[in-house]
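Below: one structure, written as structure tokens.
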Amino acid sequence: MTSKIWGGRFSAGPSAIMEEINASVGFDQRLAKQDLRGSRAHCAMLVKAGLISKEDGEAIQGGLARIEKDVADGNFVFKLALEDVHMNIEARLTDLIGAQAGRLHMARSRNDQVATDFRLWVRAAVDNIEEQLLKIQSALIDKAEAHVDTVMPGFTHLQAAQVVTFGHHLLAYVEMFGRDRGRFSDARRRLNECPLGAGALAGTSFPIDRQQTAKKLDFDRPMANSMDAVSDRDFALEFLSASSVLATHLSRFAEELVIWSSAQFGFIHFTDAFSTGSSMMPQKRNPDAAELVRAKSGRVFGGLITLLTVMKALPLTYSKDMQEDKEAVFSTFDTLELCLAATLGMVIDMKAAPERMRAAASVGFTTATDLADWLTQTLNLPFRESHQITGQIVKLAESKRCELSELALEDMQTVEPRITKGVFDVLTVDASVASRTSFGGTAPYNVRSQITAARKRYLKEGPA
Ligand code: ARG
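See below:
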């Protein structure tokens with residue numbers, strides 16, 4: 002079979018293997034909607050610029066509308082032999098309206114066409130992810146509000162370090178997801194320029210109006226350089242890199258869910274909706290969804306590395322290598338969409354066990370820093386000295402197998418005679434969290450105002 006679009010230079014059809022390696026329609030059919038939208042804008046511009054007749058323009062728009070409906074209804078048949086989504090749609094348009102369909106490709110190449118389609122697709126993907134992130138932030142803030150004074154151990158090195166509140170811990174992720182949203186919207190701003198009209202690489206001799214097509218497709222402006230317009234895949238790389246950072250955040254949160262829901266911690270509990278059993282061990286409730294969110298970050302990083310590798314050292318302008326840009330992006334989006342939905346589900350589903358958290362917060366000398374601060378403040382000692390004294394008192398408690406608050410005053414006074422009974426006011430977990438009133442600190446009073454601020458900043462709630 003001879004491809005119509007390549008024209009007469011090719012006497013024999015592509016070998017089967019050539020067809021297989023060359024074809025992208027298996028995956029780029031996901032661009033059909035964007036491709037049709039781009040074609041409609043291009044056609045309208047050609048008519049307005051007087052480059053094609055009104056009648057031809059109408060016939061083309063009618064054919065495209067019909068194809069749009071078939072695509073939306075799932076009735077469009079994509080053919081591998083037609084290589085990609087662009088040629089499938091063009092061929093179908095020709096079937097529908099005849100040779101006038103060929104006028105649509107005036108002043109356009111598949112190079113600027115695919116660049117336009119893909120930007121439109123990534124733009125929508127960014128919007129979708131941002132929306133999902135907002136929902137997760139909202140759910141986390143609600144959960145944080147329910148736990149502003151639920152004390153738990155905060156960890157460094159996964160060793161109990163200081164007392165924090167569960168609400169404060171959850172709000173840390175609200176900040177991370179807020180930065181993720183920022184990265185996606187930065188990427189969106191830069192990607193929102195229109196390649197259409199760049200032609201194959203050099204622009205076109207036809208008097209086209211690139212401002213018009215850019216506007217019609219909701220781009221901020223046409224891309225300034227035609228060679229850059231068909232070569233650039235930064236926008237996809239930025240999408241993948243913002244996705245990779247997001248995937249690390251999701252994996253860190255997922256890992257905490259795994260730890261918290263373990264029998265040893267027992268900080269949270271998932272209902273049956275987010276737990277799975279073991280085929281052999283009847284007691285098991287496994288947090289599979291969290292484990293999978295944790296693991297799926299690998300695919301997302303893979304997408305970024307794939308496209309960086311494809312793009313590295315490619316000379317200007319278009320090379321077929323660039324066809325490999327799409328699957329990395331599609332698969333990353335699909336993975337994230339699922340992981341975000343699962344994360345939202347788990348945030349809503351998880352039930353905290355405040356008594357378990359409190360018990361864990363009360364062991365492991367988590368108020369040792371409070372003791373050192375007390376010594377510094379009350380006895381006016383340099384912090385390093387207080388740290389030293391506290392270390393000795395912790396050692397003492399360890400040898401007596403008790404917590405700091407359980408030590409007798411006399412015992413403490415053997416280490417530092419100036420200690421008074423006032424010290425016991427700072428050694429409880431509640432006193433510890435309540436004292437962390439510095440901006441951004443874990444005191445429940447602070448966490449309450451952080452919640453109000455987060456709602457205003459991220460959910461645009463409350464007075465502006
Ligand atoms: N399917 C191609 C891609 O995704 C479309 C552009 C083809 N351009 C070309 N000069 N062969 O990259």
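Those letters in the sequence shown? Residues 2 to 465, per this note's numbering, in order.
Where is the CB? At the ideal position from N, CA and C, for every residue including glycine.
- Take the Cβ of D85 as the centre, count every other Cβ of all protein chains shown within 10 Å, and call the residue buried at 16 or more, exposed below. With 16 or more other Cβ atoms within 10 Å, it is buried.
- Query: With C-beta atoms as the reference, is E194 less than 8 Å away from R222?
  - Reply: Against a cut-off of 8 Å, the Cβ pair of R222 and E194 comes out as a contact.
- Would you mind working out which of L52, V115, I209 and L141 sits nearest V26, comparing C-alpha positions? Nearest option by C-alpha distance: V115.
- Message: Bridge partners for R104 per DSSP, in chain order?
- Response: DSSP, once it has assigned bridges, lists no residue as partnering R104.
- With a CB to CB cut of under 7 Å and the five nearest residues on each side skipped, what residues in its chain are close to L97? Excluding residues within five positions, the ones whose Cβ falls inside 7 Å are G64 and R67.
- Message: Need the endpoints of the alpha helix (DSSP H) that M224 sits in, please.
- Response: Careful: M224 lies outside any alpha helix (DSSP H) and carries neither H nor E.
- Distance between M107 and M2 (C-alpha atoms, nearest Å): Note that M2 scores a pLDDT of 43, beneath 50, so its modelled location is shaky; the value from the coordinates is reported in the next line. Taking the straight line joining both Cα atoms gives about 25 Å.
- C-alpha distance - R104 paired with I53, whole-angstrom precision: One C-alpha to the other measures close to 7 Å.
- Between the Cα of A264 and the Cα atoms of L251, P288 and V165, which residue gives the shortest distance? Among L251, P288 and V165, the Cα nearest to that of A264 belongs to P288.
- Quick one: Cα of Q324 to Cα of R456, how far? Roughly 42 Å separates the two Cα atoms.
- Message: Using DSSP's beta-bridge definition, name the partner residues of V152.
- Response: Its beta-bridge partners are T166.
- Short check: CB of F28 to CB of F331, under 8 Å? Yes, these two residues count as a Cβ contact at 8 Å.
- Item | Same chain, Cβ closer than 7 Å to V434, neighbours up to 5 away in sequence not counted | Excluding residues within five positions, the ones whose Cβ falls inside 7 Å are V152, V164, V165, T166, T443, A444 and P445.
- Query: By DSSP, does Q160 sit in helix, in strand, or in coil?
  - Reply: If DSSP states are grouped into helix, strand and coil, Q160 belongs with the strands.
- By the 10 Å Cβ neighbour count, where 16 or more other Cβ atoms means buried, how is E21 classified, buried or exposed? Exposed, since its Cβ has fewer than 16 Cβ neighbours within 10 Å.
- Task: Evaluate I90 with the Cβ neighbour count: other Cβ atoms within 10 Å of its Cβ, from every protein chain shown; 16 or more gives buried, anything less gives exposed.
- Result: Counting Cβ neighbours within 10 Å, I90 comes out buried, since at least 16 surround it.
- Relative to the ligand ARG, is the shortest distance from any of its heavy atoms to the C-beta of S40 smaller than 7 Å? Relative to the ligand ARG, the beta carbon of S40 is positioned no closer than 7 Å to any heavy atom.
- Which residues mark the beginning and the end of the alpha helix (DSSP H) in which C44 is found? First-last of the alpha helix (DSSP H) with C44: A33 to K49.
- Would a C-beta distance cut-off of 8 Å place D187 and V246 closer than the cut-off? Judged by their CB atoms, D187 and V246 are not nearer to each other than the 8 Å cut-off.
- Could you tell me the distance, in whole angstroms, from the CA atom of T379 to the CA atom of T368? CA-to-CA, the gap between T379 and T368 works out to about 16 Å.
- So V427 packs on S439, CB below 8 Å; how close in whole Å? So it is not a contact: roughly 15 Å between Cβ atoms.
- Using a Cβ-Cβ cut-off of 6 Å (strictly less than) and excluding sequence neighbours within five positions of A60, which residues of its own chain qualify? The answer, listed in chain order, is I98 and Q101.
- Item | Proximal residues to E256 (C-beta, below 6 Å), its chain only, five neighbours per side dropped | Cβ contact annotation for E256 (same chain, cutoff 6 Å, sequence separation greater than five): R295, in chain order.
- For T3, which of helix, strand or coil comes out of DSSP? Per-residue confidence for T3 stands at a pLDDT of 45, beneath the threshold of 50, marking its modelled position as unreliable; no derived number is given.
- Message: Threshold first: 4 residues or longer. Then list the alpha helix (DSSP H) segments lying entirely within the stretch 253 to 317, N to C.
- Response: 289 to 312, all fully within the stretch 253 to 317.
- Task: Look up A353 in the DSSP assignment and give the residues it is bridged to.
- Result: A353 pairs with I269.
- Task: Examine chain C for any beta-carbon lying closer than 8 Å to the beta-carbon of F266, and answer yes or no.
- Result: Any reference to chain C falls outside this structure, which holds one protein chain only.
- Query: Just to confirm, does S232 get its C-beta within under 7 Å of one of the non-hydrogen atoms of the ligand ATP?
  - Reply: Of the ligands one can find in the structure shown, namely the ligand ARG, none is the ligand ATP.
- Task: Pull up the distance between the alpha-carbon of D371 and that of A409, whole angstroms please.
- Result: Spanning the two alpha carbons is a distance of roughly 17 Å.
- Item | Whether M46 touches Q213 by CB criterion (8 Å) | Yes, Cβ-Cβ distance for M46 and Q213 is below 8 Å.
- Query: DSSP state of E417, grouped into three classes?
  - Reply: Of the three classes helix, strand and coil, the one that applies to E417 here is coil, per DSSP.
- Query: Would DSSP call C340 helix, strand or coil?
  - Reply: Of the three classes helix, strand and coil, the one that applies to C340 here is helix, per DSSP.
- Message: Taking its Cβ as the centre, do 16 or more other Cβ atoms sit within 10 Å of C340, making it buried, or is it exposed?
- Response: Looking at its Cβ environment, which holds 16 or more other Cβ atoms inside 10 Å, C340 is buried.
- Item | Whole-number beta carbon distance between F268 and A353, since they are thought to touch under 8 Å | A Cβ-Cβ separation of about 7 Å places A353 in contact with F268 under the 8 Å criterion.
- Query: Of the residues G423, A314 and K34, which one's Cα is nearest the Cα of K70?
  - Reply: Of the listed residues, the one whose Cα sits closest to K70 is K34.
- Message: Less than 7 Å between C-beta atoms, sequence neighbours within five positions excluded: which residues of the same chain meet that for A274?
- Response: Here the set comprises D350.
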